[in-house]
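Here is the structure we will look at.
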């Protein structure tokens with residue numbers, strides 16, 4: 532069972548992808564603070580979904596193909612989730628001798644030498 536999409540559907544998807552690319556560029560110049568990443572990743576996921584569903588023909592494929600596509604997204608989510616935990620934990624405070632890992636411990640300051648006593652003939 533194959534499904535043939537019309538040219539107008541492909542042009543509409545292409546137009547949507549171009550519009551979302553324009554939105555991505557426009558949003559890059561807007562300071563959204565903590566929402567920069569969520570907005571950018573939402574647009575990217577939407578564009579990837581359109582490409583996979585229509586240009587890779589996953590929308591009209593068999594259930595087995597849809598299972599593989601879903602499994603790939605699942606493992607991609609795991610990969611991004613684990614990477615995000617590393618990225619978000621970089622701002623945590625680390626302490627000397629704590630759980631900061633190699634290279635994070637600070638060395639104690641060098642010992643200071645006592646100043647020599649002035650001899651009898653010298654002035655201060």
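In my numbering, the protein residues as written are 532 to 655. Virtual Cβ for every residue (Gly too), placed ideally from N, Cα, C. Fair warning: this is a prediction, and the values are worked out from it, not measured in the lab.
Quiz item: Which residue's Cα is closest to the Cα of residue 555: 591, 569 and 574?
Solution: Along the chain shown, read from residue 1 onward, the residue named residue 555 stands at position 24. Looking at the Cα atoms, 574 is the closest of the given residues.
Quiz item: What residues in its chain sit with their C-beta under 7 Å from that of residue 578, if we drop five residues either side in the sequence?
Solution: Working through the chain shown from its first residue, we reach residue 578 at position 47. Around residue 578: 548 and 551.
Exercise. Could I get the ranges of all uninterrupted alpha helix (DSSP H) runs contained in the stretch 556-619, with 4 residues as the minimum, in chain order?
Key: 567-581 and 594-619
Self-check item: Buried/exposed call for residue 585, threshold 16 Cβ in 10 Å
Solution: Taking the first residue of the chain shown as 1, we reach residue 585 at position 54. By the neighbour-count rule (16 or more Cβ atoms within 10 Å), residue 585 is buried.
Quiz prompt | Selected residue, minimal CA-CA separation from residue 541, among 642, 612, 587 and 559 | solution = By 1-based counting over the chain shown, the position of residue 541 is 10. Answer by Cα proximity: 587.
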